[in-house]
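Note sheet for the following structure.
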Amino acid sequence: MSIVGLHRPYQAGIDSSKVSGVVVAISIVASGGYPDKFTSSDELIYSGSGGKATNKKEAGDQRLERGNLALKNCIEMKSLVRVVHGFKDCSQEGPKGSMVFKYKLQRILRKLELTNVHEDSDKCACAMKNGGQLPFNFDSKIIWVKSLVFECGPSCRCPPTCRNRVSQHGIKISLEIFRTSEKGWGVRSLNSISRGNFICEYTGELLQEEEAAKLENDEYLFDIGRNYHDKDLWKRLQHVNPSLQYDFPSSKEGFTIDGAKCGNVGKFINHSCSPNLYAQNVLWDHDDMRIPHIMFFATENIPPLQELPYDYHYEIGKVRDENGVEKVKRCYCGSTKCRGRLY
Numbered sequence: 001m002s003i004v005g006l007h008r009p010y011q012a013g014i015d016s017s018k019v020s021g022v023v024v025a026i027s028i029v030a031s032g033g034y035p036d037k038f039t040s041s042d043e044l045i046y047s048g049s050g051g052k053a054t055n056k057k058e059a060g061d062q063r064l065e066r067g068n069l070a071l072k073n074c075i076e077m078k079s080l081v082r083v084v085h086g087f088k089d090c091s092q093e094g095p096k097g098s099m100v101f102k103y104k105l106q107r108i109l110r111k112l113e114l115t116n117v118h119e120d121s122d123k124c125a126c127a128m129k130n131g132g133q134l135p136f137n138f139d140s141k142i143i144w145v146k147s148l149v150f151e152c153g154p155s156c157r158c159p160p161t162c163r164n165r166v167s168q169h170g171i172k173i174s175l176e177i178f179r180t181s182e183k184g185w186g187v188r189s190l191n192s193i194s195r196g197n198f199i200c201e202y203t204g205e206l207l208q209e210e211e212a213a214k215l216e217n218d219e220y221l222f223d224i225g226r227n228y229h230d231k232d233l234w235k236r237l238q239h240v241n242p243s244l245q246y247d248f249p250s251s252k253e254g255f256t257i258d259g260a261k262c263g264n265v266g267k268f269i270n271h272s273c274s275p276n277l278y279a280q281n282v283l284w285d286h287d288d289m290r291i292p293h294i295m296f297f298a299t300e301n302i303p304p305l306q307e308l309p310y311d312y313h314y315e316i317g318k319v320r321d322e323n324g325v326e327k328v329k330r331c332y333c334g335s336t337k338c339r340g341r342l343y
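Residues in the sequence shown are numbered from 1 upward in steps of one, following the UniProt record's numbering.
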């Protein structure tokens with residue numbers, strides 16, 4: 001089973017995101033797959049996507065959906081598409097009389113007061129929340145590992161293309177759920193992954209710790225509080241990448257996420273005593289530090305089809321049921337550093 005990210009194929013060329021609940025285009029690629037036309041160095045007549053002839057069907061009308069609709073919404077919302085704006089759209093007959101959407105894109109000839117990359121990061125409120133520096137580089141890779149990362153949110157004036165909006169845009173790589181030999185289901189990628197890349201979020205039902213402790217099935221539980229206070233995790237990450245910085249909040253209040261009934265691909269990510277992912281607490285759509293989003297990032301460069309595990313960070317001998325009886329679970333990660341027990 002394949003979980004596909006948000007990247008369109010290169011010939012489609014339209015990448016989009018949601019702004020205030022409306023899907024808008026944030027970038028396009030004129031790859032030559034469609035009859036685009038440069039009327040000048042500052043102006044492009046961009047053809048919409050879809051309707052192309054294939055070996056099995058003839059060329060047909062394009063539809064005002066997906067990328068085409070996202071570009072149309074940009075006109076109405078007057079939002080930027082990468083570094084161009086000033087849209088005019090029309091439709092005309094394409095090859096063999098099919099309908100093709102056309103979008104007139106014009107280059108911005110002046111510098112905006114607000115850039116989409118936070119060049120002046122010292123004055124950005126989100127940079128201040130992150131200790132004065134944005135946590136992501138211009139390739140959307142995390143470079144500052146902290147107990148809590150603040151991405152730009154709905155109250156920020158920056159566009160969807162801001163480099164401090166990474167994990168909120170969702171999965172960007174192809175992920176596959178597969179059957180392992182001893183650990184049940186696992187997750188791997190069909191693509192190479194670079195260190196610092198965002199992988200996916202861990203989602204599920206939000207429970208208070210007291211509620212989670214009463215559950216018989218703890219297979220898909222993620223303790224947010226444990227993720228906040230695992231100092232060994234941050235030290236191991238810094239050993240892999242000495243440039244990483246970390247800090248710790250004083251509050252120990254937290255919640256647990258149960259992915260059993262309403263989780264996503266993140267709940268199939270297995271434990272390993274030698275992980276290649278780590279879980280990062282991220283806030284962007286609210287300010288309650290007790291319930292951050294749990295976002296997975298790569299700690300190293302990962303080749304295709306290699307399993308993607310993270311360290312569950314259970315303390316052996318410390319996990320007990322509601323009656324106080326110690327719980328024991330073997331670890332099957334196969335790492336040379338395997339601790340033998342998950343808890």
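All C-beta atoms in this analysis are idealised placements derived from N, C-alpha and C, irrespective of residue type, glycine included. On a predicted model such as this, the values are computed, not experimentally measured, just so you know.
Taking all protein chains in view, the Cβ of T256 is crowded by 16 or more other Cβ atoms within 10 Å, so the residue is classified as buried. A distance of 8 angstroms or more separates the beta carbons of G196 and F296. With respect to F136, V166 sits close: the two C-beta atoms are nearer than 8 angstroms.
Note that the segment 317 to 327 does not touch the segment 281 to 288; fewer than 3 beta-carbon pairs, one per stretch, sit closer than 8 angstroms. If the five residues before and after L206 are omitted, its C-beta is found closer than 7 angstroms to the C-beta atoms of F255, I257, I291, all from its own chain and listed in chain order. G132 is bridged by DSSP to nothing; it lacks a bridge partner. Here S140 is actually not in contact with A70; their C-beta atoms are around 19 angstroms apart, not less than 8 angstroms. Note on geometry: alpha-carbon atoms of G60 and S79 lie some 29 angstroms from one another. In the structure shown, A25 adopts extended strand secondary structure according to DSSP, grouped into three states. With contact defined as three or more Cβ pairs closer than 8 angstroms, the segment 269 to 278 and the segment 322 to 335 are in contact.
In its chain, beyond the 5 residues on either side, C126 have a beta carbon closer than 7 angstroms to the beta carbon of C156. DSSP places R179 inside the beta strand (DSSP E), whose first and last residues are 175 to 179.
The DSSP-derived three-state label of E65 is coil. Cβ-Cβ separation between Y202 and I294: approximately 4 angstroms, consistent with a contact (criterion under 8 angstroms). Nearest C-alpha to S181 among L148, C158, E307, Q62: E307. A direct Cα-Cα distance of roughly 11 angstroms separates P160 from E151. Distance from G204 to G263 at the Cβ level is roughly 4 angstroms; contact confirmed, criterion being Cβ atoms closer than 8 angstroms. Where E209 is concerned, the enclosing alpha helix (DSSP H) starts and stops at 209 to 213. Close CB contacts of K327 within its chain, under the 7 angstroms cut and outside five residues either way in sequence, are with V319, R320, D321, Y343 (chain order). Secondary structure note for C162: it is in no beta strand (DSSP E), with a DSSP letter that is neither H nor E. A distance below 7 angstroms between beta-carbons, with the five flanking residues on each side excluded, links K337 to the following residues of its chain, in chain order: C273, S274. C-alpha of G170 to C-alpha of C200: approximately 7 angstroms in a straight line. H313 carries a coil assignment under DSSP once its states are collapsed to helix, strand and coil.
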